[in-house]
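Here the protein sequences come in this chain order: R and B. Letter by letter, the first sequence follows residues 214 to 512 in our numbering. Letter by letter, the second sequence follows residues 204 to 331 in our numbering.
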Amino acid sequence: MIEALGWTTPDGCHSCRPALNYYLLCAWPGEYRDDAQSRFVNERMHANIQKDGTYSVIPRMWGGQTTAAELRAIADVVDRYQIPSVKVTGGQRLDLLGVRKEQLPDVWRDLNAAGMVSGHAYGKALRTVKTCVGSEWCRFGTQDSTAMGVALEKMTWGSWHPHKVKLAVSGCPRNCAEATIKDFGVIAVESGWELHIGGNGGIKLRGTDFLCKVATEADVLEYCAAFLQLYREEARYLERTAPWLERAGLEHVRKRVVEDEASRKALQQRFLYASALPRTIPGPNVLRRNRPSSARLRR
Amino acid sequence: MTAEWLDIGTLDDIPRQGARTVATPQGDIAVFRTLGDEVFALDDRCPHKGGPLSQGIVHGNAVTCPLHNWVIDLASGEARPRSRLRQADPAQAGGGQAVARAGAVACPPPFPTVVPGLVPGIHVGQLA
C-alpha cells in the first residue's frame with residue numbers, strides 16, 4: 214500500500230501507519246490483517262501506559278453496572294498482583310493503576326476467567342456507555358436507560374473508530390448521564406428517545422446537536438449503528454465526531470441516517486458486520502510469556 | 204565499555220518493526236529490528252522522561268517514544284528535532300534547554316549510556 218502510493222519512506226512514521234492501519238481495517242474488515250506494529254502500545258497491550266512505564270487496566274462494566282462477583286474478582290486481582298491504586302473513572306468503571314507490563318497477561322487471564330473483557334479505555338474505539346439508573350429506580354425516570362445503555366454497549370463494543378467514542382443514556386431530560394457531551398447521546402422522554410450527536414468534553418467542549426427522536430429501543434440501536442458507521446467511514450483518523458460533524462454538516466448526517474432509510478440500514482449492516490469480527494478473538498491475550506533467562510530477549 | 208559481544212538471541216526473536224528487551228544490572232536494554240532487518244540497541248529509556256522505547260512504533264531507523272511521541276534515532280539514541288520543538292518559545296520551554304535551541308538535538312548528553320557487551324548499532328550477523 215505504502216509502495217503503491219509512492220510514500221517517501223518505506224514504512225512511514227508513527228502518525229501515518231496507525232492511520233493507514235485503521236483505514237484498511239475499516240474498508241476491508243473481513244479481509245485486512247491488522248498490523249500490530251502499526252498500533253500504539255496501548256492497543257497492543259490492552260492497557261494504558263502511564264508516566265512511569267507501568268500500565269492501567271480497565272475491565273468493561275456494561276452500562277456502568279457491576280456485581281458482587283465481579284467486584285470480588287477485581288479485588289482478588291488487586292491483592293494477588295499488589296496493584297497499588299484503584300480509581301473510579303469518569304466512564305463508570307474501575308481503573309487498576311500501576312500494573313507492570315509482565316503482569317498484564319496474568320491480570321487479564323484472571324479477569325477473563327471471571328467473565329470480564331477489556332473496556333478499551335485506551336483505544337481509538339468504543340470506550341464506555343454511561344447511564345443513569347433510569348425508570349427502574351429513579352422517581353423521574355421515563356425509560357429503562359440502564360438496559361438501553363447495556364444494549365448499546367453490547368452492540369458497539371469492540372468496534373474500532375477514527376478516535377475514541379463515548380456514549381451515554383439518560384433516563385429523563387435532567388440528563389444525569391451527561392448524554393449531551395457524548396459522541397452519541399440518548400435522552401429518554403415519555404414518548405420515546407431523543408438522539409443527540411457530536412458532543413465531547415476534552416480540550417474543546419462541544420455540546421451535541423439534536424439528530425432526531427425515535428420510538429423504540431430497536432430504533433435507538435439502528436440509528437446509533439448507522440451514525441457510528443458513517444463516522445467510521447467518513448472521518449479522518451484522529452478526528453472525533455465533534456469536528457467531523459462540523460466539517461460534514463448536520464444536514465449531511467440527517468440525510469444519510471434519518472431521512473434515507475435504505476442508507477441507514479446499509480450503514481447499520483456494515484457496522485454490525487465489522488464490529489462483530491474483533492470479538493471473535495478471545496480476550497485481551499496478545500502478550501506472550503517472558504523468557505525465563507534474564508540474559509535473553511524478552512518483550 | 205568493552206568490545207565483548209553477548210549472545211542474546213536470534214534475529215527471529217525480534218519482530219520486524221518491533222523490539223525486545225534484555226535485562227542487565229544497569230537496566231533494560233531495548234533491541235530493535237527495523238523493516239530492513241537492521242538491529243539496534245539502546246537503553247530502554249527515552250532522553251525526555253525515561254519512557255520505555257521498546258514499546259514504541261519503529262519506523263525507518265527511528266522509534267517513537269510511547270509517552271510523548273519524541274522520535275529517537277536508533278543509531279545515535281538522540282531525539283530528532285521536530286518542527287514543533289523548533290518553534291517552541293524558549294520562555295515556555297522551561298527547563299528543557301535543548302528543546303528551545305532551534306534545530307538543536309533535543310537530547311542532553313550522556314545518552315544513550317553504553318552498556319558493556321552491547322554497542323548501539325550492532326550488526327545483524329553478530330547478534331545471532
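Here a beta-carbon is modelled for each residue, glycine too, at the ideal position from N, C-alpha and C. No experiment lies behind these values; they were computed from the predicted model shown.
Close Cβ partners of residue i (< 6 Å) along its chain, the five nearest in sequence each way excluded
i	result
Glu407 of chain R	Ile400 and Lys426
Arg419 of chain R	Gly412, Asn413 and Ala455
Val308 of chain B	Low confidence applies to Val308 of chain B: its pLDDT is 29, below 50, so where it sits in the model is not reliable enough to give any reading.
Gln442 of chain R	Leu480, Arg483 and Phe484
Arg283 of chain B	Val274 and Asp276
Ala327 of chain R	Ala286
Arg453 of chain R	His376 and Asn413
Thr344 of chain R	Gly276, Gly277, Ser358, Thr359, Gly362, Val382 and Ala390
Thr369 of chain R	Leu339
Ala230 of chain R	According to the sequence displayed, residue 230 of chain R carries Arg and not Ala. Here the set comprises Ser251.
Lys252 of chain B	Leu270
Cβ of residue i within 8 Å of any chain B Cβ
i	result
Gly225 of chain R	yes
Lys264 of chain R	yes
Phe253 of chain R	yes
Arg273 of chain R	no
Gln250 of chain R	yes
Thr221 of chain R	no
Arg306 of chain R	no
Arg313 of chain R	no
Arg230 of chain R	yes
Cutoff 8 Å: residue i Cβ touching any chain R Cβ
i	result
Gly263 of chain B	yes
Pro250 of chain B	no
Gly280 of chain B	no
Leu256 of chain B	no
Leu238 of chain B	yes
Gln290 of chain B	With a pLDDT of 37 at Gln290 of chain B, under the threshold of 50, the predicted position of this residue should be treated as unreliable, though the coordinate-derived value follows. Chain R contact via Cβ: absent.
Ile260 of chain B	yes
Gln220 of chain B	yes
Leu245 of chain B	no
Leu270 of chain B	yes
Ala331 of chain B	Note that Ala331 of chain B scores 24 on pLDDT, short of 50, meaning its location in the model is unreliable; the coordinates nonetheless yield the value given after this. Chain R, which has no Cβ nearer than 8 Å to the Cβ of Ala331 of chain B, makes this no.
Buried or exposed by the 16-neighbour rule on C-beta atoms within 10 Å, applied to residue i
i	result
Ser358 of chain R	buried
Val301 of chain R	exposed
Lys395 of chain R	buried
Ala438 of chain R	buried
Trp273 of chain B	buried
Ser372 of chain R	buried
Asp231 of chain B	buried
Gly354 of chain R	buried
Ala301 of chain B	Here Ala301 of chain B scores only 28 on pLDDT, less than 50, and its place in the model should not be relied on; the value that follows carries that caveat. Answer is buried; the Cβ neighbour count reaches 16.
Cys310 of chain B	Because Cys310 of chain B carries a pLDDT of 31, less than 50, the predicted location of this residue cannot be relied on, and no value is offered for it.
Lys337 of chain R	buried
Leu222 of chain R	What sits at residue 222 of chain R in the sequence shown is Thr, not Leu. Label assigned to Thr222 of chain R: exposed.
Ile296 of chain R	buried
Ile211 of chain B	buried
Asp247 of chain B	buried
Phe423 of chain R	exposed
Met329 of chain R	buried
Neighbourhood of residue i by C-beta, 7 Å cutoff - its chain only, sequence neighbours within 5 removed
i	result
Pro386 of chain R	Ile400 and Val402
Ser476 of chain R	Arg469
Residue-level contact to chain D via CB, residue i, 8 Å cutoff
i	result
Arg246 of chain R	Looking for chain D here will not work: the only protein chains present are R and B.
Contact set for residue i: own chain, Cβ-Cβ below 8 Å, skip 5 residues either direction
i	result
Thr421 of chain R	Ala392, Thr393, Ile394, Lys395, Gly398, His409, Ile410, Gly411 and Gly412
Ala428 of chain R	Ser404, Gly405 and Trp406
Arg236 of chain B	Leu214, Ile217, Pro218, Arg219, Gln220, Gly221, Ala222, Val242 and Val261
Lys478 of chain R	Glu435 and Ala439
3-residue-minimum beta strand (DSSP E) runs that sit fully inside the stretch 374 to 416 of chain R, ordered along the chain: 378 to 383, 397 to 402 and 405 to 410
Going residue by residue through the stretch 244 to 313 of chain R, where are the continuous beta strand (DSSP E) segments of at least 3 residues, counting only ones entirely within it? 268 to 270, 298 to 301 and 307 to 312
Counting beta carbon pairs with one atom in the stretch 348 to 365 of chain R and one in the stretch 375 to 392 of chain R, are three or more of them shorter than 8 Å? yes
When you compare the stretch 267 to 276 of chain R with the stretch 251 to 263 of chain B, are there three or more beta-carbon pairs, one atom per stretch, that lie closer than 8 Å? Result no; under three Cβ-Cβ pairs closer than 8 Å.
Take every Cβ of the stretch 236 to 243 of chain R, pair it with every Cβ of the stretch 321 to 338 of chain R, and state whether three or more of those distances are shorter than 8 Å. no
For the structure I just gave you, are there three or more beta carbon pairs, one from the stretch 218 to 232 of chain R and one from the stretch 261 to 270 of chain B, closer than 8 Å? yes
Under 8 Å: do the stretch 250 to 259 of chain R and the stretch 272 to 282 of chain R share three or more Cβ pairs, one atom per stretch? no
Give, in chain order, every unbroken run of the alpha helix (DSSP H) that is at least 4 residues long and sits entirely within the stretch 341 to 371 of chain R. 358 to 369
Alpha helix (DSSP H) runs wholly inside the stretch 415 to 482 of chain R, at least 4 long, in chain order: For the stretch 415 to 482 of chain R, the continuous alpha helix (DSSP H) assignments of 4+ residues that do not extend past its boundaries occur at 430 to 447, 454 to 461 and 463 to 467, in sequence order.
Ranges of the beta strand (DSSP E) found wholly within the stretch 252 to 283 of chain B, counting only runs of at least 3: 260 to 262, 265 to 267 and 274 to 276, all fully within the stretch 252 to 283 of chain B.
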